[in-house]
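In what follows, a structure is listed as structure tokens, so that the remarks can point back to it.
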Amino acid sequence: MVALRADMDALPVEEMTGLPFASKERDTYNGLDVGVMHACGHDAHVAILMGVAEFLTSVKNDLSGSVMFIFQPAEEGPPVGEEGGAQLMLKEGIWADRKPMLYLVCMSLMPPTV
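Following this line, the structure appears as structure tokens:
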């Protein structure tokens with residue numbers, strides 16, 4: 015079993031870039047009306063995992079074992095007083111019969127090179 019995970023929560027941050035595709039979404043978070051956006055790459059993480067899932071599905075007959083695709087909500091933590099994130103996933107038994115997993119955060123502060 016190989017498990018691949020992506021965090022997929024938006025954050026209570028108002029996007030102020032002025033770009034035409036900037037998030038204009040609003041929601042209530044901890045009792046406040048806030049702008050929400052994918053402010054730290056979660057949209058990229060989801061897109062990457064969706065691409066990997068599509069590819070691995072296309073070659074599944076050539077693979078042995080199984081792959082679990084995990085899309086984790088509320089990775090940054092749920093609003094105060096609400097359940098969510100990894101703790102809720104554990105409580106609901108998503109990893110009941112699984113071995114420990116390694117969690118890796120990718121962050122590059124280096125400029126791209128050729």
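Counting the sequence shown from 1 gives a position; our numbering is that position plus 14.
Cβ coordinates follow ideal geometry from the N, Cα and C atoms, glycine included.
What you are looking at is a predicted structure, and each value in this text was computed from that prediction instead of being measured.
Query: Cβ-Cβ separation, phenylalanine 83 to leucine 18 (assumed contact under 8 angstroms), whole Å; Result: 6 angstroms
Query: Contact belief for histidine 59 with alanine 20 at Cβ below 8 angstroms, rounded distance in angstroms; Result: 4 angstroms
Query: Exposure of valine 50, with buried meaning 16 or more beta-carbon neighbours within 10 Å; Result: buried
Query: Neighbour-count burial assignment, alanine 24, 16 or more Cβ in a 10 Å radius; Result: buried
Query: Opening and closing residue of the beta strand (DSSP E) in which alanine 17 lies; Result: 16-21
Query: Beta bridge counterpart(s) of leucine 102 as assigned by DSSP; Result: Paired residues: none, contrary to the question.
Query: Alpha helix (DSSP H) segment containing isoleucine 62, residue limits; Result: 56-72
Query: As assigned by DSSP and simplified to three states, the class of aspartate 76; Result: helix
Query: Range of the contiguous beta strand (DSSP E) that encloses phenylalanine 85; Result: 81-86
Query: Outcome for glutamate 89 when other beta-carbon atoms lying within 10 angstroms are tallied against a minimum of 16; Result: buried
Query: Member of Gln86, Asp41 and Phe35 whose CA lies at the smallest distance from the CA of glutamate 106; Result: Gln86
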